[in-house]
Amino acid sequence: MTTAPSLKPLRIANHLGPEISAVLAAHPSAPEVVDFYKGHPVWDLPDGIDALVTGAHLWKGAPEGVSIPKSLRWVQSVSAGVETYPPSLLADRVVTCGRGLTAVPIAEYVLSAIVHDRKPFAPLVVQDSGWGSFKEGDGLPLLAGQTVGLVGFGAINQEVAKRARAFDMRVLATRRGAWSGASGGVEPRPDAAAVAAESDYLVVAVPSTPQTRGMIGAELFAAAREGLHLINVARGALVDQEALLQALKSGRLRRATLDVTDPEPLPDGHPLYHHPAVTITPHISWKDGNGMAPFKDQLLRNLDAWLAGGRDMINRVDPERGY
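Take the sequence shown: its position 100, counted from the start at 1, is 104 in our numbering, and no numbers get skipped.
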């Protein structure tokens, strides 16, 4: 098991660039920062490091059986998900992640997708006195009264729920853990299929684990309310994309907004690219223009906690659960 931190300066390897190196180097504990973000594979870690600052996206394609220095006691990931890390990196050490850091921008992406779906301005823009294509009786449907279903009720979908409720939308949710009473007007449901059966919009925000991969598939689509709009801001592997195409073809699904796909990017010519009812964005829902500021705050908080014995570190990962 992980031992308590010593009093000697930490030796920290950093994969995330000079901005993070500068933040670490300025810490009062004066850690030794090993810049390790160019020129070699990220898994070729230097010996003697105590801590590693990295991102899951950098480890795609890592070979099996990666050797991890025995000295490594703490891994801080900028990513919320840890599914692309080799098991050897996660085992027998403290791992903390970026869970919740991007919940607000992702929630705003979700609400933007819903607003755009209900109130598409582009077809109604007028450029002359003829009032464009607007016809008497046309209008922009309300968000109020629509039902948003949430698959997962962690930080992201909690922020989605707040915003949906502000628009007077009904909110249903399912989660893996037990519910502890009512949560801001959110109605609990036992599983994703039960949520989909009552929803106009279904927002997927759960970790990618062996238990969740492919969970949004033919069985769920068969149970869904006809005309459902699927919004996936989690991981592409959660959705069975062939089943998605069939559900769109049958009309069971009306639309899909995908910020993630499997793989990323999809190969040229993939049928989802040009499907008239599918919108794909390049995994950007989490980006808000604030750079690394929220992550830097968490990194320094966890570094302080580690030096104090490690008890108060936030966003610890449970390797058994996969998040």
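For each residue, glycine too, the CB sits at the ideal point set by N, CA and C.
| Asked | Found |
| --- | --- |
| Spatial distance of N18 from P45 (CA atoms) | 13 Å |
| Backbone CA spacing between K337 and R103 [nearest angstrom] | Past the boundaries of the shown model lies residue 337; the chain is included only from 5 to 327, so the question cannot be answered. |
| Between the CA atoms of R320 and V330 - distance to the nearest angstrom | The question about residue 330 has no answer, for the chain in this structure spans 5 to 327. |
| Exposure label - T7; buried when at least 16 CB within 10 Å | The predicted model places T7 with a pLDDT of 49, which falls under 50 and marks its position as unreliable, so this point remains unresolved. |
| Beta-carbon proximity check, L276 vs T265, cutoff 8 Å | yes |
| Local conformation of Q150 per DSSP, three classes | coil |
| Pairwise C-alpha distance: A238 and A197 | 18 Å |
| Classification of L146 by the beta-carbon crowding that lies within 10 angstroms, buried from 16 upward | exposed |
| Which of helix, strand or coil DSSP assigns to L20 | coil |
| Contact check, P35 vs P13, beta carbons under 8 Å | yes |
| Contact the region 81–101 vs the region 115–124: 3+ CB pairs below 8 Å | no |
| Status (buried if at least 16 other CB within 10 Å, exposed otherwise) for W310 | buried |
| Beta-carbon proximity list for V282, same chain, < 6 Å, skipping 5 on both sides | A260, L276 |
| Candidates A297, L270, G295, P298, of which the one nearest T285 by Cα | L270 |
| Strand pairing of W78, partner residues [DSSP] | A55, V98 |
| Reduced DSSP category for L224 - H, G, I as helix; E, B as strand; rest coil | helix |
| Per-residue DSSP class, three states only, for P192 | strand |
| Reduced DSSP secondary structure (H/G/I, E/B, other) of R174 | strand |
| C-beta contact flag for T213 and D195 at 8 Å | no |
| Residue span of the beta strand (DSSP E) that contains N236, given as start and end | 232–236 |
| Enclosing alpha helix (DSSP H) for R305 [first to last residue] | 297–311 |
| C-alpha distance - V210 paired with E163, whole-angstrom precision | 14 Å |
| Heavy atom of the ligand GTP within 7 Å of V57 beta-carbon | What this structure holds is no ligand at all, so the ligand GTP is not there to describe. |
| Cα-Cα separation, M5 to R315 | Its pLDDT being 46, under 50, M5 is placed unreliably by the model, and nothing is read from it. |
| Secondary structure, alpha helix (DSSP H): runs of 4+ residues fully inside the region 229–288 | 245–254 |
| Contact set for L307: own chain, Cβ-Cβ below 7 Å, skip 5 residues either direction | H31 |
| Whole-number beta carbon distance between D292 and P109, since they are thought to touch under 8 Å | 4 Å |
| Spatially closest choice to G52 from A60, G65, V37, by CA coordinates | V37 |
| C-beta atoms of R229 and D204 nearer than 8 Å | yes |
| Nearest-angstrom Cα separation, counted from P127 out to V190 | 34 Å |
| Y89 - DSSP class collapsed to helix/strand/coil | coil |
| Distance between V27 and R15 (C-alpha atoms, nearest Å) | 14 Å |
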